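K.L.:
For what it's worth, the working numbering labels the leading residue of the sequence shown as 2, then goes sequentially.
For reference, the structure I am asking about is given below.
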Amino acid sequence: MGLYLSNISHSFDTHEVLKNVSADIPSGQILCLLGPSGCGKTTLLRIAAGLEKLQQGTVRISDEIVAEAHIHVPAEKRGVGLMFQDFALFPHLNVRDNVGFGLTGLSTKAANQRIDQLLERVNMLDQGDAFPHILSGGQQQRIALARALAPKPAVVLLDEPFSGLDQSMRIQIREETLGILKSSGVATLMVTHNPEEALFMADRMMVMGPGGEILQQGTPNEIYTEPADAYVAKFFGQANSVTGVVSGGKIETPLGSIDVPDCQDGCNVEAVIRPAALKLKTAGEFANDEGVPVDIISARSIERNTFVRFRIKDAGQDVPDFHCRHRGIFPENPESEVRALVRRKHIFIYHTDENT
Ligand SMILES: Nc1ncnc2c1ncn2[C@@H]1O[C@H](COP(=O)(O)OP(=O)(O)OP(=O)(O)O)[C@@H](O)[C@H]1O
Ligand SMILES: [Mg+2]
């Protein structure tokens, strides 16, 4: 059981949007698909659903090939629950009729029981007669989820399901959604722009590049701690990036030297530096020759962390600003000299020479 995509490529006219994409999603698992705008995420979902005709590759649901050369099982026969970004509830149908929309072939009694069951699960049983326009975004989202799950699909496809919700609602609804998907045992393919959301929801993640190719697939932990390339490494938060030529197992950067032990001298490398790798110290905290002097550009304190943007003192125009996360309020003393130190942990090194 599950959804299996093999070697899918797709073009609109001469514009190739998906390049040889494969993914296995067994029942009960959630795969989150991330990638920049326009890379082909929605197109992949539409191909899996049967809304877009497959050009190359195979789509298998459970034991059945539903799309391949000369095979195209129509969308309504694939057993796929769909939920797109705008929820797209039917405005002229009330909540119960929206949820029951895909329940064909059931007696009225059985359909009503199923609708009750779903509404209870999404905590909306008392709103059955309401029409979509009087519901909040979060309530509409829950109804859309109930509608997608009502026909007991083997596969659920979600395209940025939480993007229309404000932050607090988003966190609550995604926790509820996660619980519902997991208890339903469906295979879920979910598109999101939000890496933090993917880390929270996914059993596995798949990161697509701007050219519609898969850059990395793995567990959230693998992708976060061992990003396959600089693009994936930079996907999570405000990562900093510096480049350099290796000499004596190091590169010299505006932040000081960074060890690059596994690279030969002369290699060009990019170091992606997560904010957690940078530490700021004020006068009295640093030793004389420690770190590089910096100017603070902005500091925003949120709960117990301060997100600081800084610039190396007297740096040239081509040296970018850096971002770091400081534990606690910063700076405690705004007059103090500040220095930045790099810690090797949370730094990822990638070769930028061709053919390496
Ligand atoms: N029916 C179509 N005809 C022609 N081009 C299309 C069609 N649908 C999508 N495209 C193009 O294919 C590319 C991928 O579109 P898609 O909607 O899959 O991207 P996406 O990754 O979902 O982006 P976003 O994150 O902005 O939703 C885009 O360049 C888009 O303009
Ligand atoms: Mg899209």
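Even glycine gets a Cβ: it sits at the ideal position worked out from N, Cα and C.
As the structure is a prediction and not an experimental result, all values here were calculated from the model.
Considering only DSSP beta bridges, list what residue 83 is partnered with.
P.N.:
Reading the sequence shown from its first residue, position 82 is the one you call residue 83. 158.
K.L.:
I'd like to know whether the C-beta atoms of residue 275 and residue 298 end up nearer to each other than 8 Å.
P.N.:
Walking along the sequence shown from the start, residue 275 turns up at place 274. Walking along the sequence shown from the start, residue 298 turns up at place 297. Taking 8 Å as the cut-off, the beta carbon of residue 275 is found no closer than this to the beta carbon of residue 298.
K.L.:
In the DSSP assignment, what are the bridge partners of residue 27?
P.N.:
By 1-based counting over the sequence shown, the position of residue 27 is 26. Its beta-bridge partners are 3.
K.L.:
Under 8 Å by Cβ, that's how I've got residue 128 and residue 96 pegged, so tell me the actual separation to the nearest angstrom.
P.N.:
As a working note, residue 128 is residue 127 in the sequence shown. As a working note, residue 96 is residue 95 in the sequence shown. Between residue 96 and residue 128 the Cβ distance is about 5 Å, and since that is below 8 Å, they are a contact.
K.L.:
May I ask which residues mark the beginning and end of the beta strand (DSSP E) holding residue 308?
P.N.:
Against the sequence shown, residue 308 aligns to sequence position 307. Unbroken beta strand (DSSP E) run through residue 308: 306-313.
K.L.:
What did DSSP end up calling residue 323 once you bin it into helix, strand or coil?
P.N.:
Within the sequence shown, the letter at position 322 stands for residue 323. Strand, per DSSP.
K.L.:
Any chance you could list the alpha helix (DSSP H) runs of at least 4 consecutive residues sitting entirely within the region 205-259, in chain order?
P.N.:
221-226 and 231-236
K.L.:
Note the first and the last residue of the continuous alpha helix (DSSP H) segment covering residue 191.
P.N.:
Position 190 of the sequence shown holds residue 191. Counting along the chain, no alpha helix (DSSP H) covers residue 191; the unbroken beta strand (DSSP E) around it starts and ends at 188-192.
K.L.:
Taking the Cβ atom as the reference point for each residue, do residue 280 and residue 294 lie within a distance shorter than 8 Å?
P.N.:
Numbered from its first residue, the sequence shown carries residue 280 at position 279. Numbered from its first residue, the sequence shown carries residue 294 at position 293. No, they are not a contact pair.
K.L.:
On a CA-only basis, which of 9, 317, 25 and 6 is nearest residue 220? Give me that one, please.
P.N.:
Counting from 1 along the sequence shown, the entry for residue 220 is found at position 219. Restricting attention to 9, 317, 25 and 6, the CA atom closest to the CA of residue 220 is found in 25.
K.L.:
Shortest alpha-carbon distance to residue 82 belongs to which of 59, 46 and 330?
P.N.:
On the sequence shown, position 81 is the one that residue 82 refers to. Nearest of 59, 46 and 330 to residue 82, Cα basis: 46.
K.L.:
DSSP three-state call for residue 73: helix, strand or coil?
P.N.:
Within the sequence shown, the letter at position 72 stands for residue 73. In this structure, residue 73 counts as strand in the three-state DSSP scheme.
K.L.:
I need the straight-line Cα distance from residue 202 to residue 251, nearest angstrom please.
P.N.:
Here residue 202 refers to the residue found at position 201 when the sequence shown is read from its first residue. Here residue 251 refers to the residue found at position 250 when the sequence shown is read from its first residue. Taking the straight line from one Cα to the other gives about 38 Å.
K.L.:
Apply the 10 Å Cβ neighbour rule to residue 11 and answer buried if 16 or more other Cβ atoms are within range, or exposed otherwise.
P.N.:
Sequence index remark: in the sequence shown, residue 11 carries index 10 (1-based). With 16 or more other Cβ atoms within 10 Å, it is buried.
K.L.:
When the Cα of residue 193 is compared with those of 321, 206 and 182, which residue comes out closest?
P.N.:
As a working note, residue 193 is residue 192 in the sequence shown. Out of 321, 206 and 182, 206 has the C-alpha closest to the C-alpha of residue 193.
K.L.:
Among the residues of its own chain, which have a CB less than 8 Å from the CB of residue 156, if the five just before and after it don't count?
P.N.:
Here residue 156 refers to the residue found at position 155 of the sequence shown. Once the five neighbours on either side are set aside, the close Cβ partners of residue 156 are 3, 4, 26, 49, 62, 79, 80, 81, 82, 187, 188, 189 and 190.
K.L.:
Give me the Cβ distance between residue 92 and residue 134, rounded to the nearest whole Å; I'm assuming they're in contact under 8 Å.
P.N.:
As a first step, residue 92 is located in the sequence shown; it is residue number 91 there, counting from the start. As a first step, residue 134 is located in the sequence shown; it is residue number 133 there, counting from the start. Confirmed, about 6 Å.
K.L.:
Verify the contact flag: residue 39, CB atom, against every heavy atom of ligand 1, threshold strictly below 7 Å.
P.N.:
The residue you call residue 39 lines up with position 38 of the sequence shown. Correct: residue 39 has its Cβ closer than 7 Å to ligand 1.
K.L.:
Residue 296 by DSSP, collapsed to three states: which one?
P.N.:
The residue labelled residue 296 in the question sits at position 295 within the sequence shown. Looking at residue 296 - three-state DSSP - the assignment turns out to be strand.
K.L.:
Have a look at residue 263 and residue 227 and give me their C-alpha separation to the nearest angstrom.
P.N.:
The count along the sequence shown starts at 1 and reaches residue 263 at position 262. The count along the sequence shown starts at 1 and reaches residue 227 at position 226. If you take the alpha carbons of residue 263 and residue 227, they lie about 16 Å apart.
K.L.:
Is it true that the CB of residue 231 sits closer than 8 Å to the CB of residue 271?
P.N.:
Here residue 271 corresponds to residue number 270 of the sequence shown, with the count starting at 1. Here residue 231 corresponds to residue number 230 of the sequence shown, with the count starting at 1. Against a cut-off of 8 Å, the Cβ pair of residue 231 and residue 271 comes out as a contact.
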